[in-house]
Amino acid sequence: MAKNILIVDDAAFMRMMIKDILTKNGYNVVGEAENGAKAFEKYNELKPDLVLMDITMPEVDGIAALKMIMGADRGAKVIMCSAMGQQAMVIEAIHSGAKDFIVKPFQPDRVLEAVKKVIG
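Position 63 (the sequence shown) corresponds to 63 in UniProt numbering; numbering is contiguous.
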């Protein structure tokens, strides 16, 4: 059965790139969100197997959204995405419950490796 994934990034083209990589490899993208507040809403509504979430976003950033999601569901599986040079945020994300992180610009193999590691 295909695993359901929620993609969260403020850049539409990034969501499209990730969605393309995932759907070509048998994953089911059940939703998209452009900020952390929408991510939390969609997570509660869709209950995805995995969330791929950017760290830097308007309104509610990825770290705050991660904490909200983990607070609502300790079993949530979240992989954070960040640009180079955000090591402190990546460390905070891992301490807050993120299962892995992917550095932008994405390498399709790295995205798939992280997803497979977290949800198979």
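Positions of the beta carbon are idealized from the N, C-alpha and C atoms, including for glycine.
### Message
Quick check on Asp19: does DSSP put it in helix, strand or coil?
### Response
Your numbering for residue 19 matches position 19 in the sequence shown. Per the sequence presented here, residue 19 reads as Lys, with Asp not at that position. Here Lys19 carries a helix assignment [DSSP, helix/strand/coil].
### Query
From this set, Gln87, Ala72, Ser82 and Pro48, which residue's C-alpha is nearest Gly62's C-alpha?
Here residue 62 is taken as the residue at index 62 of the sequence shown, counted from 1. Among Gln87, Ala72, Ser82 and Pro48, the Cα nearest to that of Gly62 belongs to Ser82.
#### Entry: Separation of Ala72 from Pro58, as counted between CA atoms
As a working note, residue 58 is residue 58 in the sequence shown. As a working note, residue 72 is residue 72 in the sequence shown. Between Pro58 and Ala72, the C-alpha separation is close to 21 Å.
### Query
What's the C-alpha gap between Ala12 and Gln87?
Taking the sequence shown and counting its residues from 1, one reaches residue 12 at position 12. Taking the sequence shown and counting its residues from 1, one reaches residue 87 at position 87. Going from the Cα of Ala12 to the Cα of Gln87 covers about 24 Å.
### Query
Taking C-beta to C-beta, are Ala65 and Gly36 nearer than 7 Å?
On the sequence shown, residue 65 is found 65 positions in, with the first residue counted as 1. On the sequence shown, residue 36 is found 36 positions in, with the first residue counted as 1. Result yes, Cβ atoms of Ala65 and Gly36 sit closer than 7 Å.
### N- and C-terminal bounds of the beta strand (DSSP E) containing Asp54
Position 54 of the sequence shown, counted from the start, is the residue given in the question as residue 54. Its beta strand (DSSP E) spans residues Leu50 to Asp54.
### Task
Pick helix, strand or coil for Asp100, following the three-state DSSP scheme.
Taking the first residue of the sequence shown as 1, we reach residue 100 at position 100. Three-state result, Asp100: strand.
#### Entry: Beta bridge counterpart(s) of Val78 as assigned by DSSP
In the sequence shown, residue 78 corresponds to position 78, counting from 1. Listed as beta-bridge partners of Val78 by DSSP are Val51.
### Task
State the Cα-Cα distance for the pair Met70 and Lys104, rounded to the nearest angstrom.
Numbered from its first residue, the sequence shown carries residue 70 at position 70. Numbered from its first residue, the sequence shown carries residue 104 at position 104. Near 23 Å, if we compare the C-alpha coordinates of Lys104 and Met70.
### Query
For the putative contact between Lys99 and Val78, defined by C-beta atoms under 8 Å, what is the C-beta separation to the nearest angstrom?
For the purposes of this step, residue 99 is taken as residue 99 along the sequence shown, with counting starting at 1. For the purposes of this step, residue 78 is taken as residue 78 along the sequence shown, with counting starting at 1. Sure, about 6 Å apart at Cβ, within 8 Å.
### Message
Within 10 Å of its beta-carbon, does Met53 have 16 or more other beta-carbons around it, so buried, or fewer, so exposed?
### Response
To locate residue 53, count along the sequence shown from 1; it is residue 53. Buried is the call here.
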